[in-house]
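Asker: So that we are looking at the same thing, I have put the structure below in structure tokens.
Residue numbers (this note's numbering), protein chains in the order written: chain A, -14 to 125; chain B, 164 to 281.
Put into structure tokens, the structure is as follows:
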């Protein structure tokens, strides 16, 4: 692959990662706020409800912090977090169809993140593709 | 919160989102207009803070949670600052999309604040 194309692809990927991190930071903020709110208001549904919100907040924070990192080790952490996130949003989203008692699952991942324009479903997919492209570019 | 100011801010945030999106698609590096629109959002939020504090001191109250309203406002005040900072670390056209994310986030938070107040 000619060097110019690699550099411009690298720059494009780098720019893309900045946008992803920005969106993840916003979601980390939203999920954290939600987790704190649920901690105070849904204490009786302890501990599953707010543990799930806290878990999603933590995952978003980890991804926001590690996704655009130069270190391959940190990017591997991001990859693991992204898979956790994808599994989380798909399982919580699907569980919503079977569990009619809503309160336990009311997190950012409810109904595949429908309350957030399904971004919670789309984001990890983008993130994983970005990481794959980044590894390929770094290998060249 | 003052409905008039709320709608003004909505308009500014929506315009900023669209403007920065267009600038990004046109592959312009972050320029005066993109950054300026975020600065306008920040200014509007500061005015909002002043309005909300003086109205609250006068005895008015948010209908669905005073504390939540001001928490949202406090966080919203941070967003344009963080967005500009993160966008300027790398002066490529992608930075405009970072600004767009910031502007859109403030837009959503404004709507939420409106629900909390009225």
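Glycine is no exception: its CB is placed at the ideal position from the N, C-alpha and C atoms.
How far does the alpha helix (DSSP H) with residue 105(A) in it extend, from its first residue to its last?
Answerer: Position 120 of the first chain, counted from the start, is the residue given in the question as residue 105(A). Element bounds for residue 105(A): 104 to 124.
Asker: Within 10 angstroms of its Cβ, does residue -10(A) collect 16 or more other Cβ (buried), or is it exposed?
Answerer: Taking the first chain and counting its residues from 1, one reaches residue -10(A) at position 5. It counts as exposed.
Asker: On the three-state DSSP scale, how would you describe residue 93(A)?
Answerer: The residue given as residue 93(A) occupies position 108 in the first chain. DSSP places residue 93(A) in coil when its eight states are reduced to three.
Asker: Report yes or no: is there a C-beta of chain B within less than 8 Å of the C-beta of residue 102(A)?
Answerer: Start at 1 with the first residue of the first chain, and residue 102(A) comes out as number 117. It does not: the Cβ of residue 102(A) has no partner Cβ on chain B nearer than 8 Å.
Asker: Just curious, the alpha helix (DSSP H) that residue 243(B) is in, first and last residue?
Answerer: For the purposes of this step, residue 243(B) is taken as the residue at position 80 of the second chain. Unbroken alpha helix (DSSP H) run through residue 243(B): 229 to 251.
Asker: Mind checking which residues open and close the alpha helix (DSSP H) that includes residue 101(A)?
Answerer: Position 116 of the first chain, counted from the first residue, corresponds to residue 101(A). Neither: residue 101(A) is in no alpha helix (DSSP H) and is coded neither H nor E.
Asker: Please list the residues of the stretch 263 to 278 of chain B that have a C-beta atom closer than 8 Å to any C-beta atom in chain A, keeping them in chain order.
Answerer: So the close ones are 264, 265, 268.
Asker: Would you verify that the beta carbon of residue 8(A) is, or is not, closer than 8 Å to some beta carbon of chain B?
Answerer: Stepping through the first chain from its first residue, residue 8(A) is reached at position 23. Yes, its Cβ sits closer than 8 Å to a Cβ of chain B.
Asker: Cβ of residue 261(B) less than 8 Å from any chain A Cβ?
Answerer: Residue 261(B) sits at position 98 when you count from the first residue of the second chain. Yes, because at least one Cβ of chain A sits closer than 8 Å to the Cβ of residue 261(B).
Asker: Is residue 69(A) close to chain B, meaning its C-beta is less than 8 Å from at least one C-beta of that chain?
Answerer: By 1-based counting over the first chain, the position of residue 69(A) is 84. Answer no: the Cβ-Cβ gap between residue 69(A) and chain B never drops below 8 Å.
Asker: Report the three-state DSSP secondary structure of residue 64(A) (helix, strand or coil).
Answerer: Within the first chain, residue 64(A) is the residue found at index 79, counting from 1. Three-state DSSP puts residue 64(A) in a helix.
Asker: Report buried or exposed for residue 224(B), applying the criterion of at least 16 other Cβ atoms within 10 angstroms of its Cβ.
Answerer: In the second chain, counting from the first residue as 1, residue 224(B) sits at position 61. Residue 224(B) is exposed by the Cβ-count criterion.
Asker: Alpha carbon to alpha carbon, how far is residue 107(A) from residue 239(B)? Give it in angstroms, no decimals.
Answerer: In the second chain, counting from the first residue as 1, residue 239(B) sits at position 76. In the first chain, counting from the first residue as 1, residue 107(A) sits at position 122. Using only the alpha carbons, I get a separation of about 24 Å.
Asker: Quick check: what's the CA-CA separation for residue 269(B) versus residue 176(B)?
Answerer: The residue labelled residue 269(B) in the question sits at position 106 within the second chain. The residue labelled residue 176(B) in the question sits at position 13 within the second chain. When rounded, the distance between both Cα atoms is 7 Å.
Asker: DSSP three-state call for residue 256(B): helix, strand or coil?
Answerer: Residue mapping note: residue 256(B) aligns to position 93 of the second chain, counting from 1. Looking at residue 256(B) - three-state DSSP - the assignment turns out to be coil, as it is neither helix nor strand.
Asker: Could you check if residue 185(A) is buried or exposed, using at least 16 other CB atoms within 10 Å of its CB as the buried criterion?
Answerer: Past the edges of chain A, shown from -14 to 125, lies residue 185(A), and the structure says nothing about it.
Asker: Here's the rule I'm using: 16 or more other beta-carbon atoms within 10 Å means buried, otherwise exposed. How should residue 3(A) be labelled?
Answerer: By 1-based counting over the first chain, the position of residue 3(A) is 18. Looking at its Cβ environment, which holds 16 or more other Cβ atoms inside 10 Å, residue 3(A) is buried.
Asker: Among the candidates 84(A), 69(A), 19(A), whose CA atom is the shortest distance from the CA of residue 109(A)?
Answerer: The residue given as residue 109(A) occupies position 124 in the first chain. For residue 109(A), the nearest C-alpha among the options comes from 69(A).
Asker: Between residue 11(A) and chain B, is any beta-carbon pair separated by less than 8 Å?
Answerer: Taking the first residue of the first chain as 1, we reach residue 11(A) at position 26. So, interface residue.
Asker: Would residue 6(A) and residue 57(A) qualify as a contact pair, given that the criterion is a beta-carbon distance under 8 Å?
Answerer: Locating residue 6(A) in the first chain gives position 21, counting from the first residue. Locating residue 57(A) in the first chain gives position 72, counting from the first residue. Cβ atoms of residue 6(A) and residue 57(A): not closer than 8 Å.
Asker: I'd like to know whether the C-beta of residue 280(B) is nearer than 8 Å to at least one C-beta of chain A.
Answerer: For the purposes of this step, residue 280(B) is taken as residue 117 along the second chain, with counting starting at 1. Not one chain A Cβ lies under 8 Å of residue 280(B).
Asker: Reducing DSSP to helix, strand and coil, say where residue 213(B) ends up.
Answerer: By one-based count along the second chain, residue 213(B) stands at place 50. Three-state result, residue 213(B): helix.
Asker: Using only the alpha-carbon positions, how far apart do residue 137(A) and residue 214(B) sit?
Answerer: What is shown of chain A runs -14 to 125, which leaves residue 137(A) out entirely.
Asker: 8 Å is my cut-off, CB to CB: does residue 244(B) come that close to chain A?
Answerer: In the second chain, counting from the first residue as 1, residue 244(B) sits at position 81. By this cut-off, residue 244(B) is not an interface position.
Asker: Under three-state DSSP, which class holds residue 52(A)?
Answerer: The residue you call residue 52(A) lines up with position 67 of the first chain. Residue state, collapsed to three classes: coil.
Asker: Since I believe residue 180(B) is in contact with residue 266(B) (beta carbons under 8 Å), could you give me their beta-carbon distance rounded to a whole number of angstroms?
Answerer: The count along the second chain starts at 1 and reaches residue 266(B) at position 103. The count along the second chain starts at 1 and reaches residue 180(B) at position 17. Indeed, because the Cβ distance is near 4 Å, the residues count as touching under 8 Å.
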